[in-house]
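Chains as they are written, first to last, in our numbering: chain A, 1 to 275; chain B, 1 to 414.
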């Protein structure tokens, strides 16, 4: 499998150099520098907090929903940053690919790693915010690590598809923006899952509020809220009895990951000619 | 056609015999490559959907390389020459594993470090030091390996005081020097260089020249793609001439350089030569040579004045200005034509004559050849194309002035 070349020393060094460069240059010449990577999501959160929680009264029935909102936005941003970064990564590094030979996986993974570092910084802010809000920490919270890995695997899987496709189909950029926007509203981030159950009536409400959790992003965000903030947040593991159905989100993540790598591998030896 | 292929295979076997005891550093076998050239590039969904609808393929196939096979041995300074579009850059990219060949194999022993372009991945916002490490990582070196060659690189680039400065604060010459130093000081086993010799100021070029001679002496394996036949003659011990995606000639660099230069003459001959005109002519060329201080010389130093001595005989009286000596550069462009148009004509009586043109040399470096032409104002034809070839030593310097050199003409010693 071509992907394993990423573990050679040569490619690890390159990956490290690219991530370090990206980190160094990200907020070059901006007055507040790295503070922006925390400030930007916090400002966006403030807007949504005012609109959805204060004004529209979303999640009044869920404890610490404002913390859940911030956590959801942070995780969603991680997904968006990885996939968008991965999509443009091959094209952005096209000049390099025409001049030297290196593992093409590096550019996609480097985009993911940069987003992961950003997520790490933001996650610390979420924890601080949660503690200020009086959330009780528990050992269950450590389950956040496998959840982040699942999210990373899904984002990279999607990213590999997007990165390879974008080389020949530049229309993908606006299309993906729309998909991201639709996905944001399809995933229970700004609204609690309970809102789906109550607002769609007694017939479809309960069923849809369970089906919505089959979306891997919904599953990940809800699981994270469940273990970190409040167990009242519904999760897929308690919504279905059939173990196969419970595993659907995880299976989707793995399929995207394996499929993405395979597709990317098959296309990558032509990147130098096409970009 | 069959004649040339026989002589080529004979040449190859002779080559193999000589080199059979040496280790192969790079082996290229039956490599072919074609590109799909989009007629209308299907870069967007709309175009490819329209193509699908009208059952158009949207591209045509261009064969760039056809069955290329050759070996580079350890310690070779191997030159690859060819005209623009002959496929040599594509071949270089296949050797460097940037492009995958359609068929055929490339195998190398040791670490191959390609420099298709200098300073790949250099980032203006990073310091010189950071760029060296980033560039090194891209070329496949580990941090420890770069640590080991870092001082060498900085010293060769003469940028000790600037390594902590951002690259954007470098002059363009400094950037190029840094990039070139990374290229030649990197400790790869096979170095692949594409047209990167003419960089930096004259002092730096001198250093590079020294480095190449040293590399040649030390038997470092280098593959060099160039248009400069001077470089091929100077540095290479083997060379290859690529024409229309095939190996036209491989072996001795002198012969390759000649073949390359002659390939340009081939085209100009058919345009200019009028043998029937030459038959009519009463002017016959007996000999031509280029001399420096009386000694024949094919390699001329910069600003070194030289004489072009032409021996002719004629059966009818002709004006001396009708005999024109055209000096043409490697691109086929006329550098200058002798004698000056306003020089005084002198009637040459039937018999043998020696005409010496003394040239104050202002030519830029490169290969030149001399065409002997008859032109009396009403009739013009080539008496002999490429009657003589010579090479100007030195390097390309930006803004090399192209001046008509001052010349003096001496006819039969007067």
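Ideal Cβ placement from N, Cα and C applies to all residues, glycine included.
For clarity, every value in this text was computed on a predicted model and none was experimentally measured.
In this structure, residue 325/B sits away from residue 335/B, with a CB-CB distance that is not shorter than 7 Å.
In chain order, 115 and 119 place their CB closer than 6 Å to the CB of residue 78/A, counting only its own chain and leaving out the 5 sequence neighbours on each side.
Contact annotation for residue 121/B against chain A: 96 [CB-CB distance below 7 Å, chain order]. Chain B has no Cβ within less than 7 Å of the Cβ of residue 86/A. For residue 238/A, the nearest beta carbon of chain B is not closer than 7 Å to its own beta carbon.
In the displayed model, residue 104/B falls within a strand according to three-state DSSP. Note on geometry: alpha-carbon atoms of residue 74/B and residue 90/B lie some 23 Å from one another. Residue 213/B and residue 222/B have their C-alpha atoms some 12 Å from each other. Two segments are said to touch when three or more pairs of C-beta atoms, one from each, lie closer than 8 Å; by this definition the stretch 223-239 of chain B touches the stretch 66-81 of chain B. Around residue 15/A, the same chain offers 6, 106, 109, 110 and 113 as residues with beta carbons nearer than 8 Å, after the five sequence neighbours per side are excluded. Here residue 387/B is actually not in contact with residue 290/B; their C-beta atoms are around 10 Å apart, not less than 8 Å. Interface with chain B (7 Å Cβ-Cβ cutoff): residue 151/A is excluded.
A residue is called buried when at least 16 other Cβ atoms come within 10 angstroms of its Cβ; residue 353/B meets this threshold and is buried. The criterion of a C-beta distance shorter than 7 Å is satisfied by residue 100/A and residue 120/B. Interface annotation for the stretch 97-118 of chain A against chain B: 97, 98, 99, 100, 101 and 102, criterion Cβ-Cβ distance under 8 Å. Taken atom to atom, the span from the alpha-carbon of residue 123/B to that of residue 166/B is near 9 Å. For the pair residue 198/A and residue 218/A, the CB atoms are not nearer than the 7 Å cut-off.
By alpha-carbon distance to residue 76/B, the top candidate from 232/B, 154/B, 136/B and 47/B is 232/B. Shown here for residue 410/B: same chain residues with a beta carbon closer than 6 Å to its own, the five before and five after excluded, namely 356 in chain order. Listed in chain order, the alpha helix (DSSP H) elements of length 4 or more contained wholly in the stretch 13-89 of chain A are 35-48. One thing to note: residue 222/A has its Cβ within 7 Å of the Cβ of residue 233/A.
Residue nearest to residue 134/B within the set 263/A, 13/A and 269/A is 13/A (criterion: CA-CA distance).
One thing to note: residue 252/A has its Cβ no nearer than 7 Å to the Cβ of residue 140/A. Exclusion of the five residues before and after residue 64/B leaves 33, 34, 35, 87, 90 and 245 as the residues of its chain whose Cβ lies within less than 7 Å of its Cβ. With respect to the 7 Å criterion, residue 189/A and residue 76/A are classified as neighbours on the basis of their beta carbons. The beta carbons of residue 157/A and residue 260/A sit about 4 Å from each other, so the pair counts as a contact at 8 Å.
Under DSSP, the beta-bridge partners assigned to residue 34/B are 63/B. Residue 87/A is positioned such that its CB atom lies closer than 7 Å to that of residue 166/A.
Considering only beta carbons, the part of the stretch 113-141 of chain B lying closer than 8 Å to chain A consists of 114, 116, 117, 120, 121, 123, 125, 126, 130, 133, 134, 137, 138, 139, 140 and 141, in chain order.
For residue 21/A, the neighbours in chain B by C-beta distance under 8 Å run, in chain order, 123, 126, 130 and 134. Boundaries of the alpha helix (DSSP H) harbouring residue 217/B: 202-217, taken from the DSSP string.
Residue 301/B sits close to residue 393/B, with the two beta carbons spaced by under 7 Å. When CB distances to chain A are screened at a threshold of 8 Å, not a single residue of the stretch 160-188 of chain B falls below it. Of all residues in the stretch 75-106 of chain B, the ones placed with a Cβ closer than 8 Å to any Cβ belonging to chain A are 93, 96, 97, 98, 99 and 100, in chain order. Here residue 100/A carries a coil assignment [DSSP, helix/strand/coil]. Around the beta carbon of residue 202/A, a 10 Å sphere encloses fewer than 16 other beta carbons of the protein chains shown; the residue is thus reported as exposed.
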